[in-house]
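Read in order, the letters of the sequence shown are residues 14 to 257 in this note's numbering. C-beta atoms are modelled at their ideal positions from N, C-alpha and C, and glycine is treated no differently. For reference, the structure is listed below as structure tokens.
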Amino acid sequence: MTKLTSFKLLSFDVYGTLIDWETGVINALQPLLDTNNKTSSYTRKHLLQIYHKHEASQQTRTPEMTYCDLLSTIHPAIAADLECEKPSEETNKAFGDSVGKWPAFPDTVAALHILKHHYKLVVLSNVDRTSFSRTNAGPLQNFPFDAILTAQDIGSYKPNLKNFEYMLKEVKGRFGVEKGEVLQTAQSQFHDHHPAKKMGVKGAWIVRPGAEMGNQEEEVYDWKFDTLGEMAEAVEKEARDSGE
Numbered sequence: 014m015t016k017l018t019s020f021k022l023l024s025f026d027v028y029g030t031l032i033d034w035e036t037g038v039i040n041a042l043q044p045l046l047d048t049n050n051k052t053s054s055y056t057r058k059h060l061l062q063i064y065h066k067h068e069a070s071q072q073t074r075t076p077e078m079t080y081c082d083l084l085s086t087i088h089p090a091i092a093a094d095l096e097c098e099k100p101s102e103e104t105n106k107a108f109g110d111s112v113g114k115w116p117a118f119p120d121t122v123a124a125l126h127i128l129k130h131h132y133k134l135v136v137l138s139n140v141d142r143t144s145f146s147r148t149n150a151g152p153l154q155n156f157p158f159d160a161i162l163t164a165q166d167i168g169s170y171k172p173n174l175k176n177f178e179y180m181l182k183e184v185k186g187r188f189g190v191e192k193g194e195v196l197q198t199a200q201s202q203f204h205d206h207h208p209a210k211k212m213g214v215k216g217a218w219i220v221r222p223g224a225e226m227g228n229q230e231e232e233v234y235d236w237k238f239d240t241l242g243e244m245a246e247a248v249e250k251e252a253r254d255s256g257e
């Protein structure tokens, strides 16, 4: 069986894998819910389902739109579905600008530093450059990724296969890394693992137990870990056992 340590590069989803985007989204929706006295009206699962429905639909309709603008655009539609009054433009913009404040999972930064010893680490994210730079400067503590590839750079959103084609071309050109040496490391079955499998890219599924968004009935993966920290421990053990 192929070993984790046989790969040369990890292609990371960020929001959902490194960043707790579900908590971030719920926190960002709180002003809307508070203003309309809806704080206790809906479950976390329902709120996330409404968000994901509008996010995915808007990404398909306007693949060129930056993520922060996309969130601002869908905020009124989310409000309507939640039977809230139409939010102000200021409130819509605040929702779009919230991405950089979404928290990291507690194991993320330490795990990244461990994995950095074994792989090139590349971001393949559905957000825009500004939103990611805020995330990296804040929750990710200025982690030195080897490359950062955003939907804004590519002009489309995952699960579009163009995003994975772009990533593979970039890592081959920058680092000489072939497709078989790339491991897609992500939580979302919808955004990452299903399209990666179609591209012939192996995957490490970071489950993040309790996650609601991005799940699919058919779960595809080559490795499965609850957290990134758990994956980092497995990589370290492999390296020790093989004397690396």
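Of the residues assessed, residue 56 falls on the exposed side of the cut-off, its CB having fewer than 16 other CB atoms within 10 angstroms.
Counting of Cβ neighbours within 10 angstroms places residue 68 among the buried residues, the total reaching 16 or more. Assignment of residue 163 by DSSP, reduced to helix, strand and coil, places it in the strand class. Between residue 30 and residue 161, the gap from beta carbon to beta carbon reaches 8 Å or more. Taking C-beta atoms as the reference points, residue 83 and residue 75 count as a pair closer than 8 Å.
Fully contained in the stretch 116 to 140 are the following beta strand (DSSP E) runs of length 3 or more, in chain order: 133 to 138. If you check the CB distance, residue 38 and residue 80 do not come in under 8 Å.
Residue 148 counts as buried, since no fewer than 16 other beta carbons sit within 10 angstroms of its beta carbon. Taking the CA atoms as reference points, residue 104 sits about 28 Å from residue 223.
Beta-bridge annotation (DSSP): residue 72 is not paired with any residue. Taking 8 Å as the upper bound for CB-CB distance, residue 131 and residue 252 are in contact here, some 6 Å apart. Selection 255, 22, 34, 20 evaluated against residue 140 yields 34 as nearest (Cα-Cα). By the Cβ test, the stretch 224 to 234 is in contact with the stretch 197 to 215, since at least three Cβ pairs between them sit closer than 8 Å. DSSP lists no beta-bridge partner residue for residue 39. Counting every other CB atom within 10 Å of its CB across the protein chains shown gives residue 155 a total below 16, marking it as exposed. According to the DSSP assignment, residue 215 belongs to the beta strand (DSSP E) that extends over 215 to 219. For residue 209, no beta strand (DSSP E) run applies; the uninterrupted alpha helix (DSSP H) run containing it begins and ends at 207 to 211, by DSSP. Here residue 58 is exposed. Its C-beta has fewer than 16 other C-beta atoms within 10 Å.
DSSP lists 23, 215 as the beta-bridge partner residues of residue 196.
If you compare the alpha carbons of 216, 243, 172, 91 with that of residue 45, the shortest gap goes to 91.
Short of 6 Å from the beta carbon of residue 198, and not among the five residues preceding or following it, lie these beta carbons of its own chain, in chain order: 23, 25, 217. Between the C-alpha atoms of residue 166 and residue 142 there is a straight-line separation of about 8 Å.
Of the residues 174, 188, 183, the one whose Cα lies closest to the Cα of residue 207 is 174.
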